[in-house]
Structures are given as structure tokens and as C-alpha cells.
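Just so we're aligned, residue 0 is where the sequence shown starts under numbering that gives the first Met the number 0, counting upward by one. Backbone N, C-alpha and C fix where the C-beta goes; we use that ideal spot for every residue, glycine too. On a predicted model such as this, the values are computed, not experimentally measured, just so you know. Contents: one structure, followed by commentary.
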Amino acid sequence: MKTIQKFAINPKGDAQTLTLKQGFQVARIEYSVTEKLINMWIEIPLRADIPEKTETFVVKKTNQAVPHDYNYIHTAVDILTPQAYHIFKLPEAAMTDKTRLEVA
């Protein structure tokens, strides 16, 4: 079995870590005008024997630079401003290098 869980991501650009089961898939991402947050729905397997892992995501605005090894996930648009927020998943190596997180 599997489920879809909703996570709220702050669009301010700080790295945010989620604990997810291996094999997860991002199903949908959108910007909530009323909450001023990015909502991310993730499909997660429910089997108890599937190990969990931490994944770190970061949000960048258009024209902000990111390292080459960051993995683009999706873009969420605030239709009122208009502002675009681009969600990237960080590679595991970036988590051990705090200076890379601060520069990115």
C-alpha cells in the first residue's frame, strides 16, 4: 500500500529536511497564496520494512544560482506577485558540507 502526504515548505530559501521512506515520489507542488507556503504532496510507500531516509530540499527564486549537482524537482508560482519558486533536492554530499548550503 501507499499514501500521499502533504508537506509545507517555506519559500524563504532555507534548506529543509524531511524524513521519507525510500522509493518516495513527489506527486505535486503548488504555491498557496493564502498560507504563503509551498505545498508539496509526496507519494510514500506504507510497508513497514521499507527504511526511512532524510531528504533535503531548498527553494530558490528565478535567477538565483544553485550548484550543478542540485536536482530540480518542480516550480511553484505565486500568481498574485507573480513570483516563481523552484524546488531542488540536495544530493547527500551537500548535507555534510554546510558551507555549500550557506552559499547556495
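Would you kindly report the start and end of the unbroken beta strand (DSSP E) that includes residue i?
i   : result
Q24 : Q24 to S31
Y71 : N70 to D77
T80 : Element bounds for T80: n/a, residue is neither H nor E.
N9  : Neither: N9 is in no beta strand (DSSP E) and is coded neither H nor E.
N62 : Where N62 is concerned, there is no enclosing beta strand (DSSP E), given that its DSSP letter is neither H nor E.
Which residues does DSSP pair with residue i in a beta bridge?
i   : result
Q21 : Per DSSP, none; premise fails for Q21.
V57 : F87
K1  : P44
E34 : None; E34 has no bridge partner.
Suppose you measure from the CA of residue i to the CA of residue j; what does that come to, to the nearest Å?
i   : j   : result
E51 : L17 : 10 angstroms
T98 : I49 : Model confidence at T98 stands at a pLDDT of 40, short of 50, so the residue's coordinates are unreliable; what they give is reported in the following sentence. Rounded to whole angstroms, T98 to I49 spans 32 angstroms at the Cα level.
T2  : G12 : 27 angstroms
V25 : N62 : 23 angstroms
P10 : P44 : 26 angstroms
N70 : H85 : 10 angstroms
K59 : V65 : 8 angstroms
P90 : V32 : 29 angstroms
H73 : E42 : 15 angstroms
Check the C-beta distance from residue i over to residue j and give it rounded, since I have them as a contact under 8 angstroms.
i   : j   : result
F23 : V57 : Not confirmed; about 17 angstroms, so no contact.
A75 : I28 : 5 angstroms
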